[in-house]
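Report on the following structure.
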Amino acid sequence: MLLHLRVTVPPDRTDDVRDLFERCPGTAHLAVFPGSSLDPPGDLFLVDVARESADALVAGLRRLHVDRDGGITIETVDTAVSARAERAEEEAPGDGSDAVVWEQVVRTTAADSSLSVSYLAFLTIATLLAAVAIVNDSAILVIGAMVLGPEFAPLAGLAVALVHRRRGIARTAAKALVVGFAVAIAVTALVTLAGRGLGWFGPEVLAMERPQTGFITRPDRWSVVVAVLAGIAGVLSLTSAKSSALVGVFISVTTVPAAADMAVALALGGGTEFWRATAQLGINLAGILVAAVATLALQRALWRRVPQVVPRLEATDGARLHV
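Residue numbers for the sequence shown follow our numbering, so the first one is 157 and each next one is one higher.
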């Protein structure tokens with residue numbers, strides 16, 4: 157598992173950066189283009205590194221202030237046919253599937269946690285779809301709404317922000333969650349009122365038997381268990397770059413269906429149903445967040461115990477740093 161780094165380096169730090177990469181056994185391929193970068197001015201490094209070494213290398217580059225005076229771009233390498241790449245992966249500490257590139261995780265979750273028009277649209281559509289599922293007691297539509305809902309991204313962003321003490325990301329993620337669910341519930345409630353006004357359904361929806369969707373308003377100890385397991389699995393899928401596992405996480409939690417049930421109850425006058433759905437939503441959000449924070453903290457503690465083979469850098473007041 158390789159990552160490709162494109163690094164723009166100020167000329168006064170080129171030797172230090174080159175030495176950093178050359179002394180790291182996790183470096184597979186290294187190319188240097190002197191003076192190729194125009195803005196910011198500097199030398200361009202193209203490097204393929206084992207995923208296990210990427211986090212320490214990025215940390216070393218940041219200690220050289222390359223992120224401030226130059227630039228660091230990280231991309232995933234899908235396929236590398238190279239004996240040197242195989243050797244780099246063997247010599248790098250730990251296992252590629254377990255390695256965490258923290259800067260990549262922080263940046264990715266920060267970007268996905270913003271309150272955007274597309275985020276609001278997806279969350280609102282998912283909540284509307286879940287409301288249709290509740291009215292028609294359709295399990296298939298509930299699953300579709302779960303998969304469509306984008307709410308796990310700001311939850312993951314909030315967990316990452318808490319572990320890494322990034323207040324800006326925490327504020328952005330919390331705002332996306334609160335405003336997103338408020339807008340989705342409000343729009344869904346209005347649409348439900350419109351359906352009631354057209355005579356499509358009435359308050360009897362809340363009293364009828366719903367064997368396929370009744371679980372939404374029956375929070376219990378299993379709701380906590382599922383939320384915790386989903387939070388752990390979601391974080392592991394993000395940090396290990398196994399995004400396919402997120403689909404299972406989305407299907408397992410009832411955040412969007414609970415929000416939809418809150419909206420339906422508001423529109424149809426079901427006070428008891430509203431508070432049960434609110435409890436379900438709160439349990440899921442809290443369980444996912446607590447589990448995600450605990451998982452990230454444990455991963456961070458364990459990964460720090462993996463032997464580091466990247467040379468340590470000692471900062472000085474000048475441009476040069478000593479290895």
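Cβ atoms here follow ideal geometry from the backbone N, Cα and C, with glycine treated the same way.
Using CA atoms only, rank isn't needed, just tell me which of the options is closest to residue i.
| i | options | result |
| --- | --- | --- |
| V257 | E246, L158, V288 | L158 |
| L441 | V384, L394, G426 | V384 |
| V233 | R263, L161, E360 | L161 |
| T265 | Q455, A329, S193 | A329 |
| H221 | R169, R207, D195, E245 | R169 |
| P167 | L284, A239, K331, S193 | S193 |
| A416 | V339, V391, T395 | V339 |
| T411 | V303, L452, T428 | V303 |
| G358 | V420, V343, S379 | V420 |
| T434 | S396, R374, I388 | R374 |
| A447 | S238, R207, T428, L392 | L392 |
| A395 | A210, P196, T428 | For the sequence presented, residue 395 should be read as Thr rather than Ala. Minimum Cα distance to T395 is reached at A210. |
| W378 | W356, V409, R321, R456 | V409 |
| V335 | L346, V380, S272 | S272 |
| L424 | A363, G305, A317 | A363 |
| A315 | E178, L458, G443, F177 | G443 |
| A255 | I281, R207, E246 | R207 |
| A244 | R179, L349, A345 | R179 |
| E365 | N292, M418, R322 | N292 |
| V380 | G438, A236, T235 | G438 |
| H185 | D171, D204, P196, G191 | D204 |
| R322 | V262, T344, L213 | V262 |
| F195 | R224, L318, A215 | Going by the sequence as given, residue 195 is Asp instead of Phe. The option with the nearest alpha carbon to D195 is R224. |
Could you tell me how far apart the beta carbons of residue i and residue j are, in whole angstroms, since I believe they sit closer than 8 Å?
| i | j | result |
| --- | --- | --- |
| V128 | L217 | It is not possible to answer for residue 128, since the shown part of the chain is limited to 157 through 479. |
| A289 | L297 | 3 Å |
| G226 | T164 | 4 Å |
| L445 | L311 | 6 Å |
| Q260 | I228 | 10 Å between Cβ atoms; not a contact. |
| T283 | I372 | With a Cβ gap of about 12 Å, T283 and I372 do not count as contacting. |
| A277 | A301 | That pair is no contact at about 14 Å. |
| L200 | F189 | 4 Å |
| G387 | T451 | 7 Å |
| G313 | S269 | 3 Å |
| T348 | A295 | Incorrect: roughly 20 Å between the Cβ atoms, too far for contact. |
Which first and last residues belong to the alpha helix (DSSP H) in which residue i is found?
| i | result |
| --- | --- |
| D204 | First-last for D204: 197-206, but that is the beta strand (DSSP E), not the alpha helix (DSSP H). |
| V222 | 222-225 |
| W258 | 258-268 |
| P360 | Reading off the sequence, residue 360 comes out as Glu, not Pro. Counting along the chain, the alpha helix (DSSP H) containing E360 begins and ends at 360-363. |
| D293 | Unbroken run through D293: none, as it is neither H nor E. |
| D172 | 170-178 |
Please state whether DSSP places residue i in a helix, a strand or coil.
| i | result |
| --- | --- |
| T235 | coil |
| A457 | helix |
| V188 | strand |
| S272 | coil |
| L354 | coil |
| T410 | coil |
| T348 | helix |
| T428 | helix |
| P467 | At P467, the pLDDT of 45 sits below 50, so the modelled position is not reliable and the matter cannot be decided from this model. |
| T369 | coil |
| A419 | helix |
Residue range of the beta strand (DSSP E) that residue i falls in?
| i | result |
| --- | --- |
| T164 | 158-165 |
Practice prompt. Just list the alpha helix (DSSP H) runs in the stretch 295-320, keeping only unbroken ones of 4 residues or longer that don't cross its boundaries, in chain order.
Written response: 295-304, 308-320
Discussion item. Runs of 4 residues minimum, wholly inside the stretch 371-396: which ones carry the alpha helix (DSSP H) assignment?
Written reply: 377-395
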